Amino acid sequence: MEPQSTGLFILLMAVFCALLGWLAFTRQPVLRILAACLAFVPAMLFGVAAVNKYYDYYQTWGAAAADINGGQGLNTVPVIPRNVPTRRMVAILDKVTGSRLAAQLGETVRFTITGRRSHISRTVYVFLPPEYFQAAGSHERLPAIELISGYPGEPQDWINVVGIIQAYETLLRDHVIKPVALVMPDPNGSPQVSLQCLNVVHGPQDASYLAQDVPGYLARILRLQPPGRAWGIAGYSEGGYCAANLALLYPNQYGFAAVLSGYFRPFKDRLGNPSRLVDPFARNQRLRARNTPLERITALPLAVQIPKFWLGAGSYDHLDVAAAQAFQRLLLTRQPNVVLDLEHGGAHTMATWRALVPPLLEWMTPKLAVAAALPPRVVRKAAPHKSAAPAASAAGRSAAPAVHPAGGRL
Numbered sequence: 000m001e002p003q004s005t006g007l008f009i010l011l012m013a014v015f016c017a018l019l020g021w022l023a024f025t026r027q028p029v030l031r032i033l034a035a036c037l038a039f040v041p042a043m044l045f046g047v048a049a050v051n052k053y054y055d056y057y058q059t060w061g062a063a064a065a066d067i068n069g070g071q072g073l074n075t076v077p078v079i080p081r082n083v084p085t086r087r088m089v090a091i092l093d094k095v096t097g098s099r100l101a102a103q104l105g106e107t108v109r110f111t112i113t114g115r116r117s118h119i120s121r122t123v124y125v126f127l128p129p130e131y132f133q134a135a136g137s138h139e140r141l142p143a144i145e146l147i148s149g150y151p152g153e154p155q156d157w158i159n160v161v162g163i164i165q166a167y168e169t170l171l172r173d174h175v176i177k178p179v180a181l182v183m184p185d186p187n188g189s190p191q192v193s194l195q196c197l198n199v200v201h202g203p204q205d206a207s208y209l210a211q212d213v214p215g216y217l218a219r220i221l222r223l224q225p226p227g228r229a230w231g232i233a234g235y236s237e238g239g240y241c242a243a244n245l246a247l248l249y250p251n252q253y254g255f256a257a258v259l260s261g262y263f264r265p266f267k268d269r270l271g272n273p274s275r276l277v278d279p280f281a282r283n284q285r286l287r288a289r290n291t292p293l294e295r296i297t298a299l300p301l302a303v304q305i306p307k308f309w310l311g312a313g314s315y316d317h318l319d320v321a322a323a324q325a326f327q328r329l330l331l332t333r334q335p336n337v338v339l340d341l342e343h344g345g346a347h348t349m350a351t352w353r354a355l356v357p358p359l360l361e362w363m364t365p366k367l368a369v370a371a372a373l374p375p376r377v378v379r380k381a382a383p384h385k386s387a388a389p390a391a392s393a394a395g396r397s398a399a400p401a402v403h404p405a406g407g408r409l
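Quick note: the sequence shown, position 357, residue 356 per numbering that gives the first Met the number 0, numbers continuous.
1) Over the uninterrupted alpha helix (DSSP H) stretch that includes THR169, give me the two end residues.
2) Should THR361 go down as buried or exposed, given a rule of 16 or more other Cβ atoms within 10 Å for buried?
3) When the Cα of HIS201 is compared with those of ALA38, VAL277 and ASP212, which residue comes out closest?
4) If I follow the unbroken alpha helix (DSSP H) through LEU329, where does it start and stop?
5) Alpha carbon to alpha carbon, how far is SER260 from LEU141? Give it in angstroms, no decimals.
6) Kindly indicate the opening and closing residues of the alpha helix (DSSP H) around TYR131.
7) Compare the C-alpha of ASP185 against each of PRO358, GLU145 and PRO129 and name the closest.
8) Which partner residues of TYR410 appear in the DSSP bridge assignment?
9) Would you call ARG269 buried or exposed, if buried means 16 or more other Cβ atoms sit within 10 Å of its Cβ?
10) Within the present structure, is the beta-carbon of SER193 separated from the nearest heavy atom of the ligand FMN by less than 7 Å?
11) Given LEU170, which residues of its chain have a CB within under 8 Å of its CB, disregarding the five upstream and five downstream residues?
12) Buried or exposed for GLY6, going by 16 or more other Cβ atoms inside 10 Å?
13) Between ARG26, ALA354 and LEU217, which lies nearest to LEU127 when the distance is taken from Cα to Cα?
14) So which of GLU342, GLY188 and THR291 has the shortest CA-CA distance to GLY271?
15) Output the distance between the C-alpha atoms of VAL47 and ARG87, rounded to the nearest integer angstrom.
16) Between the alpha carbons of PHE45 and ALA135, how many angstroms are there, rounded?
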């Protein structure tokens, strides 16, 4: 009787039919009104369950309850005070996490990070693996993966719905991945807002916050590698576009990038309350081209070393597959052996992204560990990134579809 089980749907239909029978056979007006009102409840729940099954969102009642109650134990996640001096962070982590248990299981902590460049202030969840709290690694800086959720959604979805921490812990126990920190920022600031991780002209500087402010702050305050080749970025759906775009806009900030069912041409942003669609580039075609990964990748000089990419999609979503293949073809002109992992039978759903998480971690974490052990590299900087961004080539202009079949994005 889990949220997607056939038994639940049969039960709701049976209750609905029973109430309709009561409505048909009872003669008392009060009871007829009561039956009609009660029949609305299973009908509504049936619709909610059908949507949940279609998108494969909640698989268990525990996951649904956790999300409704603010996350899978995320209401009790240790909160790190604002503006903590770096020298005090070790003592504060020991106090709020209980270092002995954290050294066995790891710990998720919650920050409120205010960006120096963007002046945006939002919640960021960080999962620190057991190795962070163990004496053997007390002088080592861990690599990190920044995880961008889709729209509509929240950073907690990586934990509650995608189940990345559970998958990470299982893979780590099996010794098939390497220790990394998982960084889950809020990419939009509100469930009604869709910024696509862009620096909006005369608006929120979301790209600066996610690619510069968040990694920079966490590398200063925690024992994490500085932004660079020992940082990865990954995202699904809209977050997949974010991962591709930010990795190409800020190639010196990340060494690896993963795109799960992403798209590679920006849509309009959704801003305001009530929300409205706006052009984040204010009709500036140079900025739009710069923030279009299909065009940006061909415009970057060959001397600029871009992050290594991994792509994933559900095999049944032909638009996602076509978009990933078009981007893969462009990537192959700059880096060999670009992985495209197609989940058999998958679609543009949470179930697909849950299934893609293990191969993603198995691909990225060992590479991050190797990168963390290398000496700092001298890199050639890409062109400076301003309000969303110089001109890019129009190559690949028709290489991938622009709209998801559902008419929107997750």
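Heads up, the beta-carbon is just placed ideally off N, CA and C, and yes, glycines get one too.
No experiment lies behind these values; they were computed from the predicted model shown.
Looking at the coordinates:
1) Start and end: 163-172.
2) In the sequence on display, residue 361 carries Glu and not Thr. Counting other Cβ atoms within 10 Å of its Cβ, GLU361 stays below 16 and is therefore classed as exposed.
3) Checked all of ALA38, VAL277 and ASP212; the closest Cα to HIS201 is VAL277.
4) Taken as a continuous stretch (DSSP letters only), the alpha helix (DSSP H) holding LEU329 covers 317-330.
5) If you draw a straight line from the Cα of LEU141 to the Cα of SER260, it is about 28 Å long.
6) TYR131 -> alpha helix (DSSP H) spans 129-132.
7) ASP185 has its Cα closest to that of GLU145, out of PRO358, GLU145 and PRO129.
8) Outside the modelled stretch of the chain, which goes from 0 to 409, sits residue 410, for which no answer is possible.
9) Counting every other CB atom within 10 Å of its CB across the protein chains shown gives ARG269 a total of 16 or more, marking it as buried.
10) This structure lacks the ligand FMN, and indeed carries no ligand of any kind.
11) Taken in chain order, the residues that qualify are ILE176, PRO357, LEU360 and GLU361.
12) So GLY6 ends up on the exposed side.
13) Of the listed residues, the one whose Cα sits closest to LEU127 is LEU217.
14) Each of GLU342, GLY188 and THR291 was checked against the Cα of GLY271, and the nearest Cα belongs to GLY188.
15) Taking C-alpha positions only, VAL47 is separated from ARG87 by approximately 47 Å.
16) Spanning the two alpha carbons is a distance of roughly 52 Å.
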